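For what it's worth, the numbering used here labels the leading residue of the sequence shown as 1285, then goes sequentially.
Heads up, the beta-carbon is just placed ideally off N, CA and C, and yes, glycines get one too.
None of the values given here were measured: they were computed from a predicted structure.
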Amino acid sequence: MNTTPVQPLPGLPTRVTVYEVGPRDGLQSESTVLPVEQKAEFVRRLVAAGLTAVELTSFVSPSWIPQLADAEQLMALLGPLPGRHPVLVPNQRGLERALAAGAREVAVFISATESFARRNLNRTVAESLAMVAPVVAGATAAGVPVRGYVSMCFGDPWEGHVPTAQAADVVLALAELGCAEISLGDTIGVATPGSVATLLSTLDARGLPADRIAVHFHDTYGQALANTLLALQHGVTTVDASAGGLGGCPYAGSATGNLATEDLVWQLHGLGIDTGIDLEALVRLSLWMAGLLGRPSPSRTLTALAARIAEPA
Ligand code: HMG
Ligand code: MG
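Here is the structure:
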């Protein structure tokens, strides 16, 4: 199989945590609903390929996201796993379900814009913050760390460009609630490196350091890798991605899949950055998943390496 030519760039981290969202952000948007056993195998293969942070599922309303209505069954099938395995929760009910199912980390989510807050959580931004505040407090009291997502940090399908100060206000509000890590969501993939730099600099100037920030790029306009490199240059060391580029967002029609984990790992390894991930194992499992879902992966790296894997040794 091809190996990445390695040439480090000065000023970048030496190790990056790839935060895998395929089982949650990916599968929540697929029209094919997989049996829970296949979801469990997906997670196990991700862990076996070296992914140390895998978001497993969500404990949201099953009438909103029927694809993940089997969250309890999935957790029971998986049992304890090595590494970080957060689950997404929208409210107190979600937290109770997650804790009862054995979750040891949770993630809450709000929007930087009113339009998406209404469509995704049936709340205003302020009401969303009020809904997640007791979730963050309750999880923290139970010794469970909380990741916070802010969606639509750069652009919104209904409102257009999102001003940096507006996104920063929501990110900082979530940080003040006590989220250990905040993931900056470019839900519809419209950001370019200048806007990412501006938001990261603004957050830094307002007291939120890069070590509490993760980036969550969707690759709609092909900007996710450029934006990632920019974030690494600002000191961010946690990058969200989904195996095979699965996903989108069911309540934001213009969102395509996340940055593909294979494309991210190719870049990171090429920069000499350690991830602990076995890229060939990852490609093999994403090919298996593409077969289950009945559609090819949009990942360039996966496509290139799949051809090599198929060749006889
Ligand atoms: P609502 O309709 O305002 O809530 O929805 P409600 O309190 O009136 O409850 C409605 C029904 O849901 C009730 O059941 C509740 O019991 C039930 P009914 O009486 O009709 O039978 N319910 C629940 N059931 C199970 N688990 C729960 C739960 N909560 C209520 N936790 C609500 C409000 C928050 C529930 C709803 O808006 C919701 O579930 N939204 C989730 C949407 C979602 O999951 N979107 C995708 C994830 S976000 C994303 O992908 C973006 C991200 O990747 C970052 C990025 O890219 O930007 C994170
Ligand atoms: Mg997302």
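If residue i and residue j are in contact, beta carbons under 8 Å, what's the gap, nearest whole angstrom?
| i | j | result |
| --- | --- | --- |
| Gln1357 | Val1320 | 5 Å |
| Arg1403 | Val1428 | Going by Cβ atoms, the distance from Arg1403 to Val1428 rounds to 28 Å, so no, they are not a contact pair. |
| Ile1585 | Val1300 | Contrary to the premise, residue 1585 reads as Thr rather than Ile in this sequence. Actually they do not touch by this definition, with Cβ atoms about 16 Å apart. |
| Ala1498 | Val1523 | 7 Å |
| Trp1442 | Ser1399 | 4 Å |
| Glu1304 | Ser1526 | 7 Å |
| Leu1468 | His1500 | 6 Å |
| Thr1424 | Val1430 | 7 Å |
| Gly1618 | Thr1316 | There is simply no residue 1618 to check, as the chain begins at 1285 and stops at 1597 in what is shown. |
If I measure Cβ to Cβ from residue i and keep anything under 6 Å in the same chain, skipping five residues before and after, which residues do I get?
| i | result |
| --- | --- |
| Gly1432 | Val1392, Leu1458, Cys1463 and Ile1466 |
| Arg1381 | Phe1343 |
| Arg1329 | Leu1569 |
| Leu1352 | Gln1312, Thr1341 and Ser1342 |
| Ile1557 | Val1300 |
| Gly1334 | Gly1560, Ile1561 and Asp1562 |
| Ala1508 | Phe1501 and Leu1543 |
| Ala1510 | Pro1477 |
| Ser1412 | Ile1394, Ala1401 and Leu1405 |
| Val1331 | Leu1365 |
| Leu1461 | Ala1417 and Val1420 |
| Thr1287 | none |
Given residue i, which residues of its chain have a CB within under 8 Å of its CB, disregarding the five upstream and five downstream residues?
| i | result |
| --- | --- |
| Pro1289 | Gly1554 |
| Leu1600 | With the chain represented from 1285 up to 1597, any question about residue 1600 goes unanswered, as that position is not in the structure. |
| Val1446 | Ala1396, Thr1397, Met1436, Cys1437, Phe1438, Gly1439 and Asp1440 |
| Thr1408 | Glu1398, Ala1401 and Arg1402 |
| Gly1422 | Gln1376 and Leu1379 |
| Pro1294 | none |
| Ile1593 | Met1285, Glu1564, Val1567, Arg1568 and Leu1571 |
| Gly1519 | Pro1297, Pro1493, Ala1494 and Asp1495 |
Can you tell me where the alpha helix (DSSP H) with residue i in it begins and where it stops?
| i | result |
| --- | --- |
| Phe1326 | Val1320 to Ala1332 |
| Ala1384 | Gln1376 to Ala1384 |
| Phe1400 | Glu1398 to Leu1405 |
| Thr1448 | Thr1448 to Leu1461 |
| His1553 | Thr1545 to Gly1554 |
| Gly1478 | Pro1477 to Ala1489 |
| Trp1572 | Leu1563 to Leu1577 |
| Ser1412 | Val1409 to Ala1425 |
| Asn1511 | Ala1508 to Gln1517 |
| Leu1361 | Ala1355 to Leu1362 |
Which first and last residues belong to the beta strand (DSSP E) in which residue i is found?
| i | result |
| --- | --- |
| Val1430 | Val1430 to Ser1435 |
| Val1523 | Thr1522 to Ala1525 |
| Ser1467 | Glu1465 to Asp1470 |
| Val1392 | Val1390 to Ser1395 |
| Thr1301 | Thr1301 to Glu1304 |
| Ala1498 | Ile1497 to Phe1501 |
Residues in the same chain with beta-carbon distance under 7 Å from residue i, minus the five sequence neighbours each way, listed in chain order, please.
| i | result |
| --- | --- |
| Leu1576 | Leu1318 and Gln1322 |
| Ser1574 | Correcting the residue identity first, residue 1574 is Ala in this sequence and not Ser. Answer for Ala1574: Gly1528, Pro1580 and Ser1581, listed in chain order. |
| Val1549 | Val1302, Thr1559, Ile1561, Leu1563 and Leu1566 |
| Val1419 | Val1373, Asn1375, Gln1376, Leu1379 and Val1392 |
| Ala1452 | Leu1483, Thr1486, Leu1487 and Arg1490 |
| Pro1292 | Leu1555 and Gly1556 |
| Leu1456 | Arg1490 and Leu1492 |
| Pro1346 | Ala1353 |
| Val1327 | Pro1307, Val1338, Leu1340 and Leu1362 |
| Gly1386 | Met1359 |
Problem - Cβ contact (3+ pairs, closer than 8 Å) linking the stretch 1467 to 1477 and the stretch 1506 to 1525 - result: When Cβ pairs closer than 8 Å are counted between the two stretches, the stretch 1467 to 1477 is seen to touch the stretch 1506 to 1525, the count reaching three or more.
Exercise for the section: Decide if the stretch 1338 to 1355 is in contact with the stretch 1302 to 1310; the criterion is three or more beta carbon pairs, one per stretch, under 8 Å apart. Expected result: Touching, yes, given that three or more Cβ pairs across the two stretches are closer than 8 Å.
Exercise for the section: Inspect the CB distances between the stretch 1573 to 1589 and the stretch 1360 to 1373 and report whether three or more fall short of 8 Å. Expected result: With a cut-off of 8 Å, the stretch 1360 to 1373 and the stretch 1573 to 1589 do not count as touching, because too few Cβ pairs lie within range.
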